[in-house]
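Numbering (this note's numbering), first residue to last: 1 to 386.
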Amino acid sequence: MSERNNKDRKFATKLLHFGADIDEHTGASSVPIFQASTFHHHDIFNPPQYDYSRSGNPTRQALEDYIALLEGGKHGFAFASGMAAISTTFLLLSAGEHVIVTEDVYGGTYRLLTTILSRLGIESTFVDMTDFESVKAALKPNTKAVFMETPSNPTLKITNIAETTAWAKEHGLLTMLDNTFMTPYHQRPIEQGADIVLHSATKFLSGHSDVLAGLAVTADEGLGRRLKTLQNGMGTVLSAQESWLLMRGMKTLQARMEHSERSARKLAEWLSSHPLVEAVYYPGLADHPGREIHESQSLGYGAVVSFDVGGGDKAKTVLNAVQLPLVAVSLGAVESILSYPAMMSHAAMPREVRLERGITDGLVRYSVGLEDIDDLIADLDAALRA
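Below is the structure:
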């Protein structure tokens, strides 16, 4: 694909015409699945581009180029899961170094930092990134990176990306951002100054609850080379079959996100006036404290709505009473998914830590799918009144 086309085409067009959408050898309308572990050297003195699938696979490469195009970065990398992508990226840091992290970060990221990387001598400080002064106050002599999650999971707090990345660059810090909730359709952090963008591609990018995958995109060549070395050395790569399935799901990303977001906005507004709901978290609500910042850096509000029903017993009643959404871990699928962070996504976080971050026993998280929103509301209303 020419540089001109890369620059000029709209997002919806890039989703379908990303450079590998037509196989150059056969004209096939789908990227071939190269289900091979190794590749023949026709000339031993001139090694081929691909020699072993851990180091590179044509199907995975098509996906990696695809996400780099969508995020506006230099290099993309596909991993076996979202946590594989995050874990590998954090290993750009070394023992004795320190990272500043969004306080209400995904529970898996919290677990990685507090139980695994801490044993390797990598320190972390969790701060409320809605308060920029708190971010600056967390700087230490050994700080090397800032990890952002915006909107955060599950309380949907907003971090000012451009402000944080500009400050980080002044101090020579690496900036990483988990863009799972927004996807590159709504938010492109590299354009806001981020160095590395991460995704649990299992979620909205795949969109069908049938792929486990993670993606990373680097803003420059040097970081790309460093992350490639880690990906190859650790072997945390995505298989060819999963790469193909993920590309297939990504083609409908915009259509799915537009539908789900319309429904999520309607759900959030309805929940805001419901007598049995104590609080609603969604950046599209007029009273969301981070709405103005979010609108300055994102093109939409996403399809995840969190709300508090007042206590653990009530939350469990709702979870047992709904009939339409899956009650499950994960989010971002064609079917709606209702989750209970206290026992699912943030089960690794001690209760007192959860409560400090606003992740209460009464908090539930609704990932809105493609069902008719009136049916979803009727179903949830019945469950709330159960």
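Note that the Cβ used here is the ideal one computed from N, Cα and C, for glycine as well.
Item                                                                                                                                 : Value
For Gly311 versus Gly249, is the C-beta distance shorter than 8 Å?                                                                   : no
Taking only three categories from DSSP, how would you classify Arg226?                                                               : helix
What is the DSSP secondary structure of Met250, counted as helix, strand or coil?                                                    : helix
Is the beta carbon of Phe147 less than 8 Å from the beta carbon of Gly332?                                                           : no
What distance in whole Å lies between the Cβ atoms of Leu198 and Thr89, which are believed to be in contact at a cut-off of 8 Å?     : 6 Å
At the level of alpha carbons, what is the spacing between Leu384 and Glu149?                                                        : 30 Å
Tell me whether the beta-carbon of Gly302 lies closer than 8 Å to the beta-carbon of Phe181.                                         : yes
Quick check on Leu338: does DSSP put it in helix, strand or coil?                                                                    : strand
Could you give the C-beta distance for Gly107 and His346, rounded to a whole number, given that I count them as a contact under 8 Å? : 4 Å
Please state the DSSP three-state secondary structure of Met1.                                                                       : Caution applies to Met1, whose pLDDT of 45 falls short of 50 and renders its modelled position unreliable; the value that the coordinates give is listed next. It is coil, neither helix nor strand.
Are the Cβ atoms of Val309 and Gly362 separated by less than 8 Å?                                                                    : yes
Whole angstroms is fine: what's the gap from Arg365's alpha carbon to Glu24's?                                                       : 44 Å
Do Lys144 and Leu93 have their C-beta atoms closer together than 8 Å?                                                                : yes
Do the CB positions of Ala68 and Val31 come within less than 8 Å of each other?                                                      : no
Please determine, among Leu91, Leu120 and Phe126, the residue with the shortest C-alpha to C-alpha distance to Ile100.               : Phe126
May I have the straight-line CA-CA distance separating Leu245 from Val211, to the nearest angstrom?                                  : 7 Å
Starting from Val127, follow the beta strand (DSSP E) in both directions and report where the run begins and ends.                   : Glu123 to Val127
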